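Each residue of the sequence shown is one higher than the one before, counting from 3 in the numbering used here. What follows is a single structure, written as structure tokens, with notes after it.
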Amino acid sequence: MNRDDIVALFARRADAWAQRDAAALAADHAETGTADSPMQGRLDGRQRIHDVYAHWFASFPDLVFTSKTLLIDGDQEAQFFNIRGTQSAPFGGVPATGRRIEMNGALLFTIGPDGLFVYEQRVYDVTGVLVQLGVLKGKPVDD
Numbered sequence: 003m004n005r006d007d008i009v010a011l012f013a014r015r016a017d018a019w020a021q022r023d024a025a026a027l028a029a030d031h032a033e034t035g036t037a038d039s040p041m042q043g044r045l046d047g048r049q050r051i052h053d054v055y056a057h058w059f060a061s062f063p064d065l066v067f068t069s070k071t072l073l074i075d076g077d078q079e080a081q082f083f084n085i086r087g088t089q090s091a092p093f094g095g096v097p098a099t100g101r102r103i104e105m106n107g108a109l110l111f112t113i114g115p116d117g118l119f120v121y122e123q124r125v126y127d128v129t130g131v132l133v134q135l136g137v138l139k140g141k142p143v144d145d
């Protein structure tokens, strides 16, 4: 894929995020692709990757994904993002809290020769998410 093709791929993904379309997002992953997620662990195969997208959308039905920066280096891409939403269903073993989360993170992709993601590394602050959901408490800093 050339740079223009990759930019178009990520523009299409922005539309899929806005529509909360797990199937469209998962379709960009190779059938045997993998993803590593700090919250859900290793995701093997397109179906498992789809299930995690769908779980996020079910748990945070007002989820908003904003792409901040896209870096492209051949078949390697890094997408920096912000995500926010209100938890209204169980998520990662946490019962629905009705609380809002907001976090920044990065998605690191490797695109295969067929133009599909063969690997994705998701990087974000799980502890911060759990604090926002009320599962963990932050310790105050002593002055």
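Glycine residues also receive a C-beta, built at the ideal position from the N, C-alpha and C atoms. Computed from a predicted model, the values in this text were never measured in an experiment.
Worksheet entry | Helix, strand or coil at residue 9 according to DSSP, with G and I counted as helix | helix
Fill in: Collapsed DSSP secondary structure at residue 87 in the structure displayed
strand
Worksheet item: Helix, strand or coil: how does DSSP classify residue 99 here?
Response: coil
Worksheet entry | Span separating the alpha-carbon of residue 43 from that of residue 89 | 20 Å
Worksheet item: For residue 130, which three-state DSSP category applies?
Response: helix
Item to complete: Report the option in 105, 52, 15 whose CA atom is closest to the CA atom of residue 87.
Response: 105
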